[in-house]
Amino acid sequence: MTTGRAAVLHSFGGDFSIEEFARPTAEPGGLVVEIDTATICGSDVHAWKGHLSLGVQLPMILGHEMTGRITEIGAGADVDSVGQPLRVGDRVVWAHMSCGRCHECTVEQTPVLCAQRFIGYLHDCSVPPHFTGGFAEYGIVRPGAGRVRVPDGVESPWASAGSCALRTVVKALDLAGPIDRDDTVVVQGAGPLGLFATALLSLHDPRRLVVVGGPQERLDLAEEWGATHTVLVDPSADPAERVEQVMSITGRGASVAFELAGAPGVVGEGVQLMARHGRYVLLGTLGGQPQPVDVATVVTRGVTMIGSMSGAIGDYHRAMTALDRYQDRFAWDRMLGNTYDLSTLADAMDAMVSMREIKPVVRPAAR
Ligand SMILES: [Zn+2]
Ligand SMILES: [Zn+2]
Numbered sequence: 594m595t596t597g598r599a600a601v602l603h604s605f606g607g608d609f610s611i612e613e614f615a616r617p618t619a620e621p622g623g624l625v626v627e628i629d630t631a632t633i634c635g636s637d638v639h640a641w642k643g644h645l646s647l648g649v650q651l652p653m654i655l656g657h658e659m660t661g662r663i664t665e666i667g668a669g670a671d672v673d674s675v676g677q678p679l680r681v682g683d684r685v686v687w688a689h690m691s692c693g694r695c696h697e698c699t700v701e702q703t704p705v706l707c708a709q710r711f712i713g714y715l716h717d718c719s720v721p722p723h724f725t726g727g728f729a730e731y732g733i734v735r736p737g738a739g740r741v742r743v744p745d746g747v748e749s750p751w752a753s754a755g756s757c758a759l760r761t762v763v764k765a766l767d768l769a770g771p772i773d774r775d776d777t778v779v780v781q782g783a784g785p786l787g788l789f790a791t792a793l794l795s796l797h798d799p800r801r802l803v804v805v806g807g808p809q810e811r812l813d814l815a816e817e818w819g820a821t822h823t824v825l826v827d828p829s830a831d832p833a834e835r836v837e838q839v840m841s842i843t844g845r846g847a848s849v850a851f852e853l854a855g856a857p858g859v860v861g862e863g864v865q866l867m868a869r870h871g872r873y874v875l876l877g878t879l880g881g882q883p884q885p886v887d888v889a890t891v892v893t894r895g896v897t898m899i900g901s902m903s904g905a906i907g908d909y910h911r912a913m914t915a916l917d918r919y920q921d922r923f924a925w926d927r928m929l930g931n932t933y934d935l936s937t938l939a940d941a942m943d944a945m946v947s948m949r950e951i952k953p954v955v956r957p958a959a960r
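As numbered in this note's numbering, residues 594 to 960 make up the sequence shown, in order.
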């Protein structure tokens, strides 16, 4: 094939048009892949609506959770970022590209906070080489982008979800520091981030692992994956009731909490859930209106609040390892929704927005 198709968005909230672009070629240090599967992330929905607090250029190809099968290897790109050999036909996931020569990249060693970070899907796809996002037949791993091979035992939709949601959770747990059997852990959110976090946190065997979210089916899955308690978020209920429920379950509040919901008001509520000297890790909110927080509670309870932008390539690798290693313990497929092709991408987005499906799967090569 000399061309490949992509689902292109021309106006926020609008329909996708299927367009053909010239098949890309691999630059030295880069890869060209066929997208095997892509899964939808909440950030795709925010970007689609024009609500993402990152610069977004139209027209765009949405999708940033994808697994690619290598079709072409550029000069010198025959090894991944953790030293594993790469061959044509291998599957990879890859990271946004950081500049490698700024204070954040080099001194702080936090490439996810690089101000020059190139996040493919946010860029104008009318500019060659076009294939900027996951909802397309081809993908480009740019020369400076970290990439890791997907283990053979990890199915492509899991790896896709792992490349954003789980890598973010890996980073969140890393930032939280040690968690052990004395901890009372609260996870805000029962979407992909909250569910992956529940699974990984359960491996630390905390005294309480409370998931606050909804709808009920997701809380049921959270319990299957290790939550000791769940609290259903009823949008019409007074948040103070949920806080009381969590306090009675945990005794003294959350010694460690994770904001993985991205919902309006979630941080104000999260602060009220905290135990004294607790750690509150925030990775769920990437946009929306400013939200009120009772700062006096943060101060008087001595709460540490830690924010971050998801994870770097090492976190992708650790996410792939976790998917492979714990696949008998957690049925990762339970998180996946229906499978769509490019022509039904709008339906997939709708399934995500309406919360009918946790992770819709897109197979761009399907017709
Ligand atoms: Zn994402
Ligand atoms: Zn940088």
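Glycine included, every Cβ here is placed at the ideal spot set by N, Cα and C. Note that this is a predicted model, so its numbers are computed, not measured.
| query | result |
| --- | --- |
| Opening and closing residue of the beta strand (DSSP E) in which LEU602 lies | 596–602 |
| Any non-hydrogen atom of ligand 2 within 7 Å of CYS707 CB | yes |
| Chain-order list of residues whose beta-carbon lies under 7 Å from that of MET898 (same chain, five-residue window excluded) | TYR873, LEU875, VAL891 |
| C-beta contact flag for THR703 and SER903 at 8 Å | no |
| Complete runs of the alpha helix (DSSP H) confined to the region 727–757 [at least 4 residues] | 749–754 |
| Other residues of its chain near ASN931: CB distance less than 8 Å, five sequence neighbours each side excluded | ALA941, ALA944, GLU950, PRO953, VAL954 |
| Local Cβ density within 10 Å of SER829, reported as buried at 16 or more and exposed below that | exposed |
| Counted within 10 angstroms of its Cβ, other Cβ atoms place ARG774 as buried (16 or more) or exposed | exposed |
| Every unbroken alpha helix (DSSP H) inside the region 633–708 [4 residues or more] | 635–642, 696–699 |
| Rounded straight-line distance, which links the Cα of ARG740 to that of CYS958 | With the sequence shown as reference, residue 958 is identified as Ala, and Cys is not the correct amino acid for it. Answer to the nearest angstrom: the Cα atoms are 22 Å apart. |
| Beta-carbon contacts of ILE842 that lie in its chain and below 7 Å, excluding the five residues immediately before and after | ARG801, VAL803, HIS822 |
| Residue interval of the beta strand (DSSP E) (run including SER610) | 609–615 |
| Proximity test, GLU658 beta-carbon vs ligand 1 heavy atom, cut-off 7 Å | yes |
| Distance cut-off 7 Å: GLY739 Cβ against heavy atoms of ligand 2 | no |
| Residue(s) in a DSSP beta bridge with ARG801 | THR777 |
| Own chain residues within Cβ distance below 7 Å of LEU793, not counting five before or after | VAL762, LEU766, ALA915 |
| Bridge partner(s) assigned by DSSP for ALA850 | VAL779, TYR873 |
| Through-space distance from SER795 to TRP641, alpha-carbon basis | 33 Å |
| Contact the region 665–677 vs the region 620–637: 3+ CB pairs below 8 Å | yes |
| Span of the beta strand (DSSP E) around HIS723 | Note, HIS723: premise wrong, no beta strand (DSSP E); not H, not E. |
| Cβ-based neighbour list, LEU768, same chain, cut-off 7 Å, excluding 5 preceding and 5 following | VAL874, ILE899, SER901 |
| Test item: CB-CB of ALA599 and CYS698 under 8 Å | no |
| GLU701 CB to nearest heavy atom of ligand 2 below 7 Å | no |
| For GLY900, the first and last residue of its enclosing beta strand (DSSP E) | 897–900 |
| Cutoff 7 Å; reference CYS695; Cβ partners in own chain excluding five residues on either side | CYS707, ALA708, GLN709 |
| Whether ILE628 touches ALA729 by CB criterion (8 Å) | yes |
| Buried versus exposed, by CB contacts within 10 Å (16 or more), MET948 | exposed |
| Cβ neighbour criterion (16 or more within 10 Å) applied to GLU748 | buried |
| When ALA905, ASP776, GLY861 are compared against ALA889, the one with the closest alpha-carbon | GLY861 |
| Residue list, Cβ distance to ligand 1 heavy atoms smaller than 5 Å | CYS634, SER636, CYS757 |
| Cβ-based burial, VAL626 [other Cβ within 10 Å; buried from 16] | buried |
| heavy atom of ligand 2 below 7 Å from GLY693 C-beta | yes |
| Same chain, Cβ closer than 7 Å to VAL896, five either side skipped, listed in chain order | VAL864, MET867, GLY871, TYR873 |
| Same chain only: Cβ atoms within 8 Å of ILE663, ignoring 5 sequence neighbours per side | LEU624, VAL625, VAL626, LEU679, ARG680, VAL681, GLY682, ASP683, ARG684, VAL685 |
| Closest residue to ARG869 among VAL824, VAL849, GLY693 (Cα-Cα distance) | VAL849 |
| Simplified DSSP assignment, three categories, for ALA924 | coil |
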